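Participant: Take a look at this one; I'll ask things after.
In my numbering, the protein residues as written are 1 to 499.
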């Protein structure tokens with residue numbers, strides 16, 4: 001066992017945070033280090049394993065919760081509504097466990113193990129390891145949901161997530177600069193985990209263009225995480241309520257994250273970015289999406305549409321200019337770059353491997369439709385075929401029922417806040433849920449695993465807002481002024497959080 005250089009810092013800071021009187025210090029620290037998937041606090045050689053900072057800090061967070069629950073019983077408990085909302089995910093854990101127990105009774109078929117090897121289906125330690133990860137993230141989600149987070153603490157958690165995204169993006173740009181400046185990259189700092197084959201030197205072979213992966217093991221993983229804060233910033237360009245960030249700051253950050261996404265040079269980034277913009281466009285055009293008491297004028301609607309169209313048209317033009325003048329790429333090379341990432345993806349080695357994995361997953365699901373071949377037995381390259389092949393139709397329906405119930409609770413809570421003239425509070429669960437949709441969209445593209453922490457952080461924070469279901473309980477912490485009409489006739493609501 002070897003503690004990495006950054007591991008000493010994380011261990012010390014984590015222990016200090018968990019002992020502080022504030023119950024949110026360790027939560028904020030966990031959120032900040034969630035994207036550091038290529039970083040290890042501790043490396044083990046046999047088996048090859050690196051403990052990520054997010055998982056280590058999450059263990060400290062859960063330890064604090066257990067101690068508080070044990071010695072100060074009743075301080076942090078899930079409400080009845082929160083328990084009902086989390087129940088499908090708990091049932092999914094039981095379905096996953098049952099699918100593992102049935103592995104010895106399955107037919108002998110070849111599966112692609114999480115390690116990447118093709119083997120005959122058999123019960124192994126990988127099954128129990130993957131089950132442990134699943135149980136861990138569900139327990140961590142429940143602990144976050146039970147933490148009695150107030151609105152200002154949810155707002156601060158979202159700001160910490162944005163700050164973390166800024167840091168890892170800047171580190172990615174520094175990584176890119178060091179490559180072109182022939183400066184040795186200090187991989188021992190944030191790219192030191194033995195759990196992954198580090199691919200911070202990846203290039204597009206036909207063009208020799210360096211791909212950015214920052215603190216993730218490879219570019220696609222970095223792109224999938226960055227889609228989430230990118231959408232959050234787009235969201236707060238349009239929604240001024242919630243005071244997580246100012247619209248102008250949100251716009252500049254959205255552009256910064258979008259450009260960073262492009263320079264990961266992955267199809268996940270390009271498709272995910274424009275897919276996120278499409279989700280955002282559908283949201284602002286939907287009357288159901290407007291959980292606000294504001295009366296929008298025609299000018300405001302046109303301005304919003306202009307911002308979205310600017311994202312679709314202006315962003316590619318800005319990137320074209322940057323690639324031409326800063327990196328000296330010709331128009332032919334840029335066209336070839338887009339073709340490699342999008343048009344020729346299915347014919348490439350990577351695209352062919354993903355297609356074969358999806359077809360094999362569907363084949364395994366067809367042979368074992370109810371509970372699949374067992375949790376952790378097979379790994380494809382997207383969320384849907386991976387869950388179908390490992391937990392069958394029962395596990396798949398259970399998992400997506402949990403997300404559907406989460407959507408239903410979010411809509412109900414937002415309407416409840418609006419009914420009580422608390423529009424600002426309605427924005428927090430809404431923003432988090434739409435970020436979760438974008439995160440799931442990235443998983444459908446190229447991520448089969450559901451045990452990464454960023455996904456469950458969003459679920460935990462959304463469920464935490466359900467504790468506010470009784471708006472009267474929040475009354476002492478919220479000041480609401482009467483509605484005022486400005487000279488242009490638009491209706492404004494003045495809501496301010498106290499504390």
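Where is the CB? At the ideal position from N, CA and C, for every residue including glycine. Note that this is a predicted model, so its numbers are computed, not measured.
#1: Would a C-beta distance cut-off of 8 angstroms place residue 129 and residue 213 closer than the cut-off?
#2: Report all residues from its chain with a CB closer than 6 angstroms to the CB of residue 103; omit the five preceding and five following residues, and keep chain order.
#3: Who pairs with residue 443 in a beta bridge, going by DSSP?
#4: Have a look at residue 3 and residue 380 and give me their C-alpha separation to the nearest angstrom.
#5: In or out: residue 347 buried (at least 16 other Cβ within 10 Å) or exposed?
#6: Closest to residue 448 by CA distance: which of 376, 36 and 458 is it?
#7: For residue 77, report the span of its alpha helix (DSSP H) as first-last.
#8: Secondary structure at residue 3, three-state DSSP: helix, strand or coil?
#9: Using a 10 Å radius around the Cβ and a threshold of 16 neighbouring Cβ atoms, would you call residue 121 buried or exposed?
#10: I need the straight-line Cα distance from residue 446 to residue 388, nearest angstrom please.
#11: Measuring alpha carbon to alpha carbon, tell me which of 382, 85 and 226 ends up nearest residue 36.
#12: Quick check on residue 398: buried or exposed, where buried means 16 or more other Cβ atoms within 10 Å of its Cβ?
#13: Note the first and the last residue of the continuous beta strand (DSSP E) segment covering residue 50.
#14: Determine the direct distance from the alpha carbon of residue 105 to that of residue 455, and round the result to whole angstroms.
#15: Alpha carbon to alpha carbon, how far is residue 267 from residue 273?
#16: Following the continuous alpha helix (DSSP H) through residue 120, name the residue where it begins and the one where it ends.
#17: For the region 433–445 against the region 402–409, do three or more pairs of beta-carbon atoms, one drawn from each stretch, fall closer than 8 angstroms, so that the two count as touching?
#18: To the nearest angstrom, report how far apart residue 411 and residue 44 are at their CA atoms.
#19: On the three-pair Cβ rule with 8 angstroms, is the region 458–469 touching the region 246–262?
#20: Could you give the C-beta distance for residue 160 and residue 26, rounded to a whole number, given that I count them as a contact under 8 angstroms?
#21: Which term fits residue 298, buried or exposed, when burial requires 16 or more other beta carbons within 10 angstroms of its beta carbon?
#22: Going by beta carbon distance, what residues of the same chain come within less than 7 angstroms of residue 461, once the five residues before and after it are set aside?
#23: Helix, strand or coil for residue 192 per DSSP?
#24: Buried or exposed for residue 119, going by 16 or more other Cβ atoms inside 10 Å?
#25: Give the range of the beta strand (DSSP E) segment to which residue 44 is assigned.
#26: Could you give the distance in angstroms between the alpha-carbon of residue 33 and the alpha-carbon of residue 363?
#27: My output table needs one value for residue 452: the three-state DSSP class, helix, strand or coil.
#28: To the nearest angstrom, how far is it from the Cα of residue 83 to the Cα of residue 422?
#29: In terms of alpha-carbon separation, which member of 231, 244, 141 and 378 lies closest to residue 151?
#30: Based on the DSSP output, what are the partners of residue 112 in its beta bridges?
#31: Give the C-beta separation of residue 172 and residue 441 to the nearest angstrom, bearing in mind that I take them to be a contact with Cβ-Cβ under 8 angstroms.
#32: Answer with buried or exposed for residue 210, where buried requires no fewer than 16 other C-beta atoms within 10 angstroms of its C-beta.
#33: Would a C-beta distance cut-off of 8 angstroms place residue 366 and residue 390 closer than the cut-off?
#34: Once the 5 residues before and after residue 165 are set aside, which same chain residues still bring their CB inside 6 angstroms of it?
#35: Tell me where the alpha helix (DSSP H) around residue 378 begins and ends.
Facilitator: Based on what the coordinates show:
#1: To locate residue 129, count along the chain shown from 1; it is residue 129. To locate residue 213, count along the chain shown from 1; it is residue 213. Not a contact, by the Cβ cut-off of 8 angstroms.
#2: Position 103 of the chain shown, counted from the first residue, corresponds to residue 103. Here the set comprises 123 and 374.
#3: Taking the chain shown and counting its residues from 1, the one referred to as residue 443 is at position 443. Residue 443 pairs with nothing; no bridge assigned.
#4: Residue 3 sits at position 3 when you count from the first residue of the chain shown. Residue 380 sits at position 380 when you count from the first residue of the chain shown. If you take the alpha carbons of residue 3 and residue 380, they lie about 32 angstroms apart.
#5: Taking the chain shown and counting its residues from 1, the one referred to as residue 347 is at position 347. Annotation note: pLDDT 46 at residue 347 (below 50); position unreliable, coordinate value reported separately. Around the beta-carbon of residue 347, fewer than 16 other beta-carbon atoms lie within 10 Å, marking it exposed.
#6: Along the chain shown, one-based indexing puts residue 448 at 448. Among 376, 36 and 458, the Cα nearest to that of residue 448 is on 376.
#7: Residue 77 sits at position 77 when you count from the first residue of the chain shown. No alpha helix (DSSP H) contains residue 77, which DSSP labels as neither H nor E.
#8: For the purposes of this step, residue 3 is taken as the residue at position 3 of the chain shown. In the three-state scheme derived from DSSP, where H, G and I count as helix and E and B as strand, residue 3 is classed as strand.
#9: Within the chain shown, residue 121 is the residue found at index 121, counting from 1. Buried, because 16 or more other Cβ atoms sit within 10 Å of the Cβ of residue 121.
#10: On the chain shown, residue 446 is found 446 positions in, with the first residue counted as 1. On the chain shown, residue 388 is found 388 positions in, with the first residue counted as 1. Rounded to the nearest angstrom, the gap between the Cα atoms of residue 446 and residue 388 is 15 angstroms.
#11: Locating residue 36 in the chain shown gives position 36, counting from the first residue. Looking at the Cα atoms, 226 is the closest of the given residues.
#12: As a first step, residue 398 must be located in the chain shown, where it is residue number 398. With at least 16 other beta carbons inside 10 angstroms of its own, residue 398 counts as buried.
#13: As a working note, residue 50 is residue 50 in the chain shown. 49–51 is the extent of the beta strand (DSSP E) around residue 50.
#14: Within the chain shown, residue 455 is the residue found at index 455, counting from 1. Within the chain shown, residue 105 is the residue found at index 105, counting from 1. Approximately 33 angstroms between the Cα atoms of the pair.
#15: Your numbering for residue 267 matches position 267 in the chain shown. Your numbering for residue 273 matches position 273 in the chain shown. So the alpha carbons of these two residues sit roughly 10 angstroms apart.
#16: Position 120 of the chain shown, counted from the start, is the residue given in the question as residue 120. For residue 120, there is no enclosing alpha helix (DSSP H); the enclosing beta strand (DSSP E) has its first and last residue at 118–120.
#17: Taking 8 angstroms as the limit for Cβ pairs, the verdict is that the region 402–409 does touch the region 433–445.
#18: Residue mapping note: residue 411 aligns to position 411 of the chain shown, counting from 1. Residue mapping note: residue 44 aligns to position 44 of the chain shown, counting from 1. Taking the straight line joining both Cα atoms gives about 45 angstroms.
#19: No contact exists between the region 458–469 and the region 246–262.
#20: In the chain shown, residue 160 corresponds to position 160, counting from 1. In the chain shown, residue 26 corresponds to position 26, counting from 1. The C-beta distance from residue 160 to residue 26 rounds to 12 angstroms, too long to fall under 8 angstroms, and the pair is not in contact.
#21: Numbered from 1 along the chain shown, position 298 holds the residue referred to as residue 298. Interpretation of residue 298 is limited by its pLDDT of 47, a score under 50 that renders its predicted location unreliable; the figure taken from the coordinates is listed afterwards. Flag for residue 298 reads exposed.
#22: Taking the first residue of the chain shown as position 1, residue 461 is located at position 461. Same-chain partners within the cutoff: 144, 154, 157 and 432.
#23: Indexing the chain shown from 1 puts residue 192 at position 192. Of the three classes helix, strand and coil, the one that applies to residue 192 here is coil, per DSSP.
#24: For the purposes of this step, residue 119 is taken as residue 119 along the chain shown, with counting starting at 1. Residue environment analysis places residue 119 among the exposed positions, since fewer than 16 neighbouring C-beta atoms fall within 10 angstroms of its C-beta.
#25: As a working mapping, residue 44 is identified with position 44 in the chain shown. Unbroken beta strand (DSSP E) run through residue 44: 42–44.
#26: Within the chain shown, residue 33 is the residue found at index 33, counting from 1. Within the chain shown, residue 363 is the residue found at index 363, counting from 1. If you take the alpha carbons of residue 33 and residue 363, they lie about 38 angstroms apart.
#27: In the chain shown, residue 452 corresponds to position 452, counting from 1. In the structure shown, residue 452 sits in coil (DSSP, three-state: anything other than H, G, I, E or B).
#28: Here residue 83 is taken as the residue at index 83 of the chain shown, counted from 1. Here residue 422 is taken as the residue at index 422 of the chain shown, counted from 1. Cα-Cα distance, rounded: 24 angstroms.
#29: Here residue 151 corresponds to residue number 151 of the chain shown, with the count starting at 1. The residue with the shortest Cα to Cα distance from residue 151 is 244.
#30: Taking the chain shown and counting its residues from 1, one reaches residue 112 at position 112. Residue 112 is bridged by DSSP to 118.
#31: Translated into the one-based positions of the chain shown, residue 172 becomes position 172. Translated into the one-based positions of the chain shown, residue 441 becomes position 441. Going by Cβ atoms, the distance from residue 172 to residue 441 rounds to 21 angstroms, so no, they are not a contact pair.
#32: Start at 1 with the first residue of the chain shown, and residue 210 comes out as number 210. The residue in question, residue 210, is buried, as its Cβ has 16 or more Cβ neighbours within 10 Å.
#33: Counting from one through the chain shown, the residue named residue 366 turns up at place 366. Counting from one through the chain shown, the residue named residue 390 turns up at place 390. Cβ distance not < 8 angstroms, so residue 366 and residue 390 don't count as in contact.
#34: As a position in the chain shown, residue 165 is number 165, starting the count at 1. Once the five neighbours on either side are set aside, the close Cβ partners of residue 165 are 229.
#35: For the purposes of this step, residue 378 is identified with residue 378 of the chain shown, where counting begins at 1. It is not in any alpha helix (DSSP H) - residue 378 carries neither H nor E in the DSSP assignment.
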